[in-house]
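Following: one structure in structure tokens, then a few remarks.
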Amino acid sequence: MSRPEIRVSGLHKSFGSNEVLRGIDLEIGQGEVVCVIGPSGSGKSTLLRCVNLLEEPTRGQVFVGGTELTDPDVDIDAARRRIGMVFQQFNLFPHLTVTENLTLPQRRVLRRSKAEAAKAAAENLRRVGLAEKADAYPSSLSGGQQQRVAIARALAMGPAVMLFDEPTSALDPELVGDVLAVMRMLADEGMTMMVVTHEMTFAREVADRVVFMDGGVIVEDGAPEQVIGAPRHERTRHFLSRLLDPAMADVEEETSDQVGGSE
Amino acid sequence: MTDTEKPQLQPRRKGLTRRQKRGLSRGAQYVVFVAAVIAFAVSADWGRLKNQFAQADIAERMFPDVITLALKNTVLYTVTGFAVGLALGMLIALMRLSSVGPYRWLAGIYIEIFRGLPALLIFIFIGVAVPLAFPGTEIVGGTYGKVALALGLVAAAYMAETIRAGIQAVPKGQMEAARSLGFSPARAMVSIIIPQAFRIILPPLTNELVLLFKDSSLVLFLGVTLEERELSKYGRDLASQTANSTPILVAGLCYLLITVPLGFVVRRMEAKAQEAVK
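Pasting the structure below:
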């Protein structure tokens with residue numbers, strides 16, 4: 346691993362009395378693709394949102410590209426320019442066309458000229474295969490197209506790191522592939538990526554590392570073949586069996602802290 | 005179900021069925037309506053009404069002044085009042101959403117006060133109380149400035165609440181997306197949130213314009229020159245000059261000339277917004 350692009354140490358996050366993250370340590374190297382998996386409520390999205398400080402950590406440190414984001418005096422807007430974020434619900438700006446979605450942030454945040462911004466916009470729309478939708482409004486696009494525009498919007502800012510928060514969870518199943526293809530392309534180009542996902546095939550084939558989270562801690566962290574293929578922990582096995590073969594799952598008692606099942 | 009069971013399951017009620025009662029009630033309503041129309045038509049003194057309200061020569065004498073002077077002034081008062089209200093309302097809405105406590109309280113107090121007072125009182129305050137209390141102060145723009153200020157002060161309170169609701173109606177993800185792209189909070193507000201908020205609140209803001217259009221008639225109480233008269237004052241002056249009510253009717257029609265199409269536009273926008281949600 347080269348120098349860590351993302352470093353998280355001793356991270357805690359509570360919402361009121363609910364402790365969602367209970368001490369996370371994680372390093373992601375330059376060009377590494379890390380998939381974070383885990384049951385809902387395990388804190389994986391919160392962890393991702395802490396990496397660009399959309400959520401303020403209660404305790405602990407977050408470094409991205411050598412800058413400490415948790416430093417109270419950091420210029421967070423400058424730091425975020427290096428970090429692209431893709432949301433589950435796309436969050437395109439509905440009052441702007443596709444091209445304007447890409448150019449407005451470049452012009453307002455990076456102070457690029459109109460021509461420069463338009464050039465970067467066109468180039469990135471071509472990368473995600475949506476050059477012909479340049480003048481459309483987001484509402485006229487399918488979910489998969491909107492998500493690809495959202496990826497292009499983040500890329501147009503020239504980020505060093507990309508964060509994906511369940512990028513395919515809101516999509517119809519037949520549209521998932523287009524988005525994953527774009528993400529695979531980015532991974533092949535050497536982008537540093539942290540992906541919260543339920544797409545096990547993607548994790549297995551594209552990720553360099555898979556991190557399994559449960560109950561606000563990292564349970565298992567390793568190569569995909571190991572974490573998905575031969576999980577060491579009972580909790581990981583239990584989660585994967587339910588995810589890969591949901592029709593075979595048993596009815597379970599609800600417990601406050603789920604520690605594995607019996608299968 | 006057999007025939008013998010039926011009466012047991014549904015015991016026959018005495019008197020009229022529900023359907024018959026409904027028919028009877030509707031018939032009675034029609035009878036009352038027709039009777040009221042006939043009573044009015046018979047009892048009204050049609051000649052007198054026509055004489056009082058619809059004298060063509062008096063109506064004719066009002067043109068073109070009623071349009072070029074009165075309606076023009078009404079529109080001018082409304083638009084300037086709206087502009088002041090919008091600017092002030094935006095400021096107060098942002099104060100209301102501020103993270104600084106005193107700003108929020110101040111905005112809350114302003115909204116409570118100006119929503120709770122009659123617009124007429126504000127006009128009297130601006131027209132009479134301010135010159136008395138601060139002799140020598142001159143409100144910029146004379147009567148026009150006073151009206152814009154008075155209407156703006158009233159409108160701002162309502163618009164601030166509307167704008168605040170609009171800003172809060174923009175999904176949270178929009179601010180998050182903007183912030184994660186590196187927008188500062190202020191820049192995200194101006195570039196991303198407020199444009200969307202305005203699309204949401206366009207119908208209620210247009211409604212506010214209609215209300216202001218009508219409230220501009222309160223200029224009546226400011227004491228205006230002949231050149232500054234708007235529809236209501238103009239109609240009243242002419243009514244007393246001619247001892248006839250026709251000018252009032254004409255002035256009223258001039259209001260409707262603007263408010264009815266605006267109301268139509270608002271309903272169109274609301275229907276469209278409803279469609280967009282679906």
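Quick note, the sequences are listed as chains A and B, same order.
So the first sequence is numbered by our numbering: it starts at 346 and just counts up by one.
So the second sequence is numbered by our numbering: it starts at 5 and just counts up by one.
The beta-carbon is built from N, C-alpha and C at its ideal position, and this holds for glycine as well.
- Arg-203: these are the residues of the segment 202-220 of chain B whose beta carbon lies less than 7 Å from some beta carbon of chain A, given in chain order.
- Within chain B, the residues Arg-183 and Ser-184 have their CB atoms less than 9 Å from the CB of Asn-397/A, given in chain order.
- With respect to the 8 Å criterion, Val-254/B and Val-41/B are not classified as neighbours on the basis of their beta carbons.
- Per the Cβ contact rule, the segment 261-280 of chain B is not in contact with the segment 90-99 of chain B (fewer than 3 Cβ pairs under 8 Å).
- CA-to-CA, the gap between Ala-497/A and Ala-182/B works out to about 14 Å.
- Nearest CB-CB separation between Gly-170/B and chain A: not below the 8 Å threshold.
- Considered as a whole, the segment 464-547 of chain A harbours 488-500 and 521-533 as its complete alpha helix (DSSP H) runs of no fewer than 4 residues, in chain order.
- Scanning the segment 348-386 of chain A from its first residue to its last, the whole beta strand (DSSP E) runs of 3-plus residues come out as 349-360, 363-374 and 378-382.
- Below the 9 Å Cβ cutoff, chain B contributes no neighbours of Leu-393/A, its closest Cβ being approximately 11 Å away.
- For Asp-61/B, the enclosing alpha helix (DSSP H) starts and ends at 60-66.
- Legend: CB atoms of the segment 413-427 of chain A lying less than 8 Å from CB atoms of chain B belong to residues Asp-422, Ala-423, Arg-425 and Arg-426.
- By alpha-carbon distance to Pro-122/B, the top candidate from Pro-208/B, Leu-222/B and Gly-31/B is Leu-222/B.
- Neighbours of Gln-200/B across chain A, judged by C-beta separation under 9 Å: Phe-438, Pro-439 and His-440.
- Looking from the CA of Val-144/B, the closest CA among Ile-204/B, Leu-153/B and Leu-136/B belongs to Leu-153/B.
- Per the DSSP secondary-structure output, Thr-412/A pairs in a beta bridge with Val-409/A.
- Leu-449/A has a beta carbon lying within less than 8 Å of a beta carbon in chain B.
- When the five nearest sequence neighbours on each side are left out, the beta carbons in the same chain lying within less than 6 Å of the beta carbon of Gly-170/B are those of Ala-201, Ile-204 and Ile-205, in order along the chain.
- With fewer than 16 other beta carbons inside 10 angstroms of its own, Ile-113/B counts as exposed.
- Taking 8 Å as the cut-off, the Cβ atoms of Leu-585/A and Pro-576/A count as close.
- Residues of chain B with a Cβ closer than 7 Å to the Cβ of Gln-434/A are, in chain order, Gly-177.
- For the pair of segments examined, the segment 123-134 of chain B was found to touch the segment 212-229 of chain B: the number of CB pairs separated by less than 8 Å reaches three.
- Within chain A, the residues Phe-438 have their CB atoms less than 7 Å from the CB of Ile-196/B, given in chain order.
- For Val-454/A, the chain B residues whose Cβ falls inside 8 Å of its Cβ are Leu-185, Gly-186, Phe-187 and Arg-191, in order along the chain.
- Within the same chain, and ignoring the five residues on either side of Val-228/B in sequence, the residues whose Cβ sits closer than 6 Å to its Cβ are Thr-147.
- Here Phe-432/A carries a coil assignment [DSSP, helix/strand/coil].
- Beta-carbon to beta-carbon, Pro-512/A and Gln-433/A are separated by about 7 Å, close enough to satisfy the 8 Å threshold.
- Val-158/B has its alpha-carbon roughly 6 Å from the corresponding atom of Phe-118/B.
- Arg-457/A carries a coil assignment under DSSP once its states are collapsed to helix, strand and coil.
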